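Here is the structure we will look at, set down as structure tokens.
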Ligand SMILES: [Zn+2]
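Residue numbers (this note's numbering), protein chains in the order written: chain A, 1 to 456; chain B, 1 to 264.
As structure tokens, this is what we get:
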């Protein structure tokens, strides 16, 4: 109990000073009561864990929002997925007498943290979004992550909800030998050809042979099979049909559900599919799933869409790994598009722009559906140079230093070509661009309203 | 198949790739390809044996102190081979950590010395309590102005020709006013960003040297370096306006820059 009081006291003190209390109270409380997580675990009825490399924050928020419509739910603050963040989430839902205000928790858990808390909580469901290889995986980090997930799963009796399209998730499912539900995208939406997008060959975790793909979505997600053994993509129980603004959830013997995507992009379609599948397994019907999606407010700069004269989708990039997933997401979007890239080099962006050369802009160069590029920001010219060396013909690159002007020019030319705009920018360009695009979207709405009024 | 082929070795990309050496390799390969010259890049990881006789150009990049120590240990086994190859004129481009490894040793802040290849009369010391030398940098060299970013704790002292004179930034030790080294066909520098894309004349000088070493004609037909020129001028005017533009008179890309209008 002492840990709880101290934790709550710290939360209260931080709040009084208007400070962020998403992790620190839990950290202090755990110092006083190291077994705090287990203490909370005894007082909860069920815990759903969301883990994986990409998309766990969004998936957790979506699932918690859906569950919230059935009963009160404890969930951790965006991205506070280490032990202290989880302890803080519990503290916030506990009275001073130590009574928990909810019986169900939906938690985002970091892959490395998971084994440390797995046997302390009544975990009934584990959702793994994907296990991605990234820049840093030069020293077998990926194998370490998979082992940690496997260790954590073995410490629980939980059912699994896994991404069927990810061979690494499939491997986890096969090894865990327990009730497992798979979700995946509809076969006919997989892209064929463009094999070069599969940068690093994926290898069968059974026999080590290189996997072959009949189609893919992005990264290692696709219709994989091993030519040497019987390892292959399972048939998913939950199938998603992604069409830009909506995602159809298809299940056997149940009518299809048409879900409105609260945020754009193929990788968000995976998040919506993961959350909806998890909600289904947890016993939710269509109502709360729709309501949960409608409640969701996407953070700025994550495939954030604006209804401007030509629609603009905005993405923040900070480092090569994050940049690669944004580049993959944009090239995975169907149809032609115009791309704007704003790069600043102020302190908050990082003054050294070397990282541009580690990010996979070659994917942009290979994507024939990109009609043209505009580079912007204080390092607009460096970005243009990066694209040139990636293999983009310089006649397709325009340099417009001011980001607002660049965005305006992009919308103007995209409008005439009837294509959407995909914008990428670094941190110090984000808020100004969000502000600018919000104003432009409002202007567009007004113009459309006037147009409708005049024709009626 | 092209008549001229260049074998480029990228040493220990698995350990030394802190400052986007990939950009340097890409620049070398593309600038050859655009001229119809084939480039073969040998990625030599710490599992492989470097075969210096098979390469026409060696690139040694930068890494963290810990990684540099590991690489230092691998390279120690090939010290004599390196010394002989360099004496024979093997072109080597060494950046940041790789530059430090060319010397006798790199002394860490705790006093420990990481032994280097010892192919140059040079040593590096991190000193104690000294600030890291970080920021944009421009130097005047025989290839025009070379510019980029530097970020190093080590202070390098050597008795060879420098690569250039510091116009903006810190250079080898923050005091001497010189940056990098140029000895035989070896270039060492703290400049990354990466180094080559925005310094095309320097990139071409390295390529020409490598072609000659490989027994080919070092002739390189000029490329349209308009984007490079734009990036150079924008970077100087926005980030190092103190670098007098008159320094750019020797800069072969100046004319391009003047005639290339930024599309708007
Ligand atoms: Zn196999």
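Every residue, glycine too, gets a C-beta built ideally from N, C-alpha and C.
Since the model is a prediction, treat every value here as computed from it, not as a measurement.
- Item | Beta-carbon contacts of residue 177 of chain B that lie in its chain and below 7 Å, excluding the five residues immediately before and after | Excluding residues up to 5 positions away in sequence, 165, 166 and 171 lie with their Cβ nearer than 7 Å to the Cβ of residue 177 of chain B in the same chain.
- Task: Please work out which residues of its chain come closer than 8 Å, Cβ to Cβ, to residue 315 of chain A, disregarding the five sequence neighbours upstream and downstream, and give them in chain order.
- Result: If the five residues before and after residue 315 of chain A are omitted, its C-beta is found closer than 8 Å to the C-beta atoms of 301, 302, 303, 304, 326, 329, 330, 422, 423, 424 and 425, all from its own chain and listed in chain order.
- Task: For residue 391 of chain A, name the three-state secondary structure that DSSP assigns.
- Result: Coil.
- Query: Hey, how far is the Cα of residue 174 of chain B from the Cα of residue 39 of chain B?
  - Reply: Between the C-alpha atoms of residue 174 of chain B and residue 39 of chain B there is a straight-line separation of about 37 Å.
- Query: Comparing the CB of residue 169 of chain A with every heavy atom of ligand 1, is any distance shorter than 8 Å?
  - Reply: In terms of side-chain proximity, the C-beta atom of residue 169 of chain A is found no nearer than 8 Å to any non-hydrogen atom of ligand 1.
- Which full runs of the alpha helix (DSSP H) of 4+ residues lie inside the segment 140-180 of chain A, going along the chain? Correct list: 141-154 and 167-176.
- Got a sec: is the Cβ-Cβ distance from residue 382 of chain A to anything in chain B below 9 Å? It does; some Cβ of chain B falls within 9 Å.
- Query: Would residue 404 of chain A count as contacting chain B if we go by Cβ distances under 9 Å?
  - Reply: Output row for residue 404 of chain A: interface = no.
- Status (buried if at least 16 other CB within 10 Å, exposed otherwise) for residue 18 of chain A: The residue is exposed, with fewer than 16 neighbouring Cβ atoms inside 10 Å.
- Task: Would you tell me roughly how many angstroms separate the C-alpha atoms of residue 253 of chain A and residue 204 of chain A, rounded to the nearest one?
- Result: C-alpha separation (whole angstroms): 33 Å.
- Task: Establish whether the CB of residue 42 of chain B and some CB of chain E are separated by less than 9 Å.
- Result: The chain labelled as chain E is not found among the protein chains of the depicted structure, namely A and B.
- Task: Quickly, what does DSSP pair residue 437 of chain A with across the bridge? List them, please.
- Result: Residue pairing by DSSP places residue 437 of chain A in no beta bridge whatsoever.
- 8 Å contact criterion, which residue 274 of chain A and residue 171 of chain A should meet: CB distance rounded: With a beta-carbon spacing of about 18 Å, residue 274 of chain A and residue 171 of chain A fall beyond the 8 Å limit used to define contacts.
- Message: Quick check on DSSP: helix, strand or coil for residue 240 of chain B?
- Response: Reduced to three states, the DSSP call for residue 240 of chain B is coil.
- Item | Delimiting residues of the beta strand (DSSP E) encompassing residue 122 of chain B | Element bounds for residue 122 of chain B: 122-125.
- Item | Rounded C-alpha distance that separates residue 3 of chain A from residue 89 of chain A | Take the alpha-carbon of residue 3 of chain A and the one of residue 89 of chain A: they are about 14 Å apart.
- Query: In whole angstroms, what separates the C-alpha of residue 152 of chain A from that of residue 114 of chain B?
  - Reply: Approximately 40 Å between the Cα atoms of the pair.
- Message: For residue 99 of chain B, report the span of its alpha helix (DSSP H) as first-last.
- Response: Taken as a continuous stretch (DSSP letters only), the alpha helix (DSSP H) holding residue 99 of chain B covers 97-101.
- Query: Do we get a CB-CB distance below 9 Å when we pair residue 145 of chain B with the residues of chain A?
  - Reply: Contact with chain A is absent for residue 145 of chain B, since none of that chain's Cβ atoms lies less than 9 Å from the residue's Cβ.
- Item | Any heavy atom of ligand 1 nearer than 6 Å to the CB - residues listed | Matched residues: A/204, A/206, A/207, A/209, A/226, A/228, A/229 and A/231.
- Query: So with Cβ pairs under 9 Å, would you call residue 20 of chain B a contact of chain A?
  - Reply: Yes, because at least one Cβ of chain A sits closer than 9 Å to the Cβ of residue 20 of chain B.
- Item | Positions along the segment 344-378 of chain A whose CB lies within less than 8 Å of some CB in chain B | Identification of residues in the segment 344-378 of chain A having a C-beta nearer than 8 Å to some C-beta of chain B yields 345, 351, 352, 353, 354, 355, 356, 357, 358 and 378, given in sequence order.
- Per DSSP, which one or two residues make a beta bridge with residue 39 of chain B? Its beta-bridge partners are B/6.
- Would you call the segment 119-134 of chain A and the segment 51-63 of chain A in contact, with 3 or more CB pairs under 8 Å? By the criterion of at least three beta-carbon pairs nearer than 8 Å, the segment 119-134 of chain A is in contact with the segment 51-63 of chain A.
- Message: Need the endpoints of the beta strand (DSSP E) that residue 361 of chain A sits in, please.
- Response: Counting along the chain, residue 361 of chain A sits inside no beta strand (DSSP E), nor does DSSP assign it H or E at all.
- From the beta carbon of residue 394 of chain A, is the nearest beta carbon of chain B less than 9 Å away? Under the Cβ distance rule, residue 394 of chain A counts among the residues neighbouring chain B, one pair being separated by less than 9 Å.
- Query: Name the DSSP bridge partner or partners of residue 425 of chain A?
  - Reply: The partner list for residue 425 of chain A (beta bridge, DSSP) reads A/316 and A/342.
- What are the complete alpha helix (DSSP H) segments, minimum 4 residues, inside the segment 267-297 of chain A? Annotation note: the segment 267-297 of chain A contains the following uninterrupted alpha helix (DSSP H) runs of length 4 or greater, listed N- to C-terminal: 286-295.
- Name the two residues that bound the continuous alpha helix (DSSP H) containing residue 190 of chain B. No alpha helix (DSSP H) contains residue 190 of chain B, which DSSP labels as neither H nor E.
- Over what stretch of residues does the alpha helix (DSSP H) that includes residue 235 of chain A continue unbroken? It is not in any alpha helix (DSSP H) - residue 235 of chain A carries neither H nor E in the DSSP assignment.
- Message: Determine, for residue 388 of chain A, whether the minimum Cβ-Cβ distance to residues of chain B falls below 9 Å.
- Response: Answer yes: the Cβ-Cβ gap between residue 388 of chain A and chain B drops below 9 Å somewhere.
- Option in A/221, A/225 and A/125 with minimal Cα separation from residue 179 of chain A: In terms of CA proximity to residue 179 of chain A, A/125 leads the group A/221, A/225 and A/125.
- Is residue 391 of chain A close to chain B, meaning its C-beta is less than 9 Å from at least one C-beta of that chain? Taking Cβ atoms only, chain B reaches closer than 9 Å to residue 391 of chain A, which makes this a yes.
- Looking at the C-beta of residue 149 of chain A, does it have a partner C-beta in chain B at a distance below 9 Å? No, residue 149 of chain A lies away from the interface with chain B (no Cβ there is under 9 Å from its Cβ).
- Query: In whole angstroms, what is the alpha-carbon distance linking residue 109 of chain B and residue 107 of chain A?
  - Reply: Rounded to whole angstroms, residue 109 of chain B to residue 107 of chain A spans 43 Å at the Cα level.
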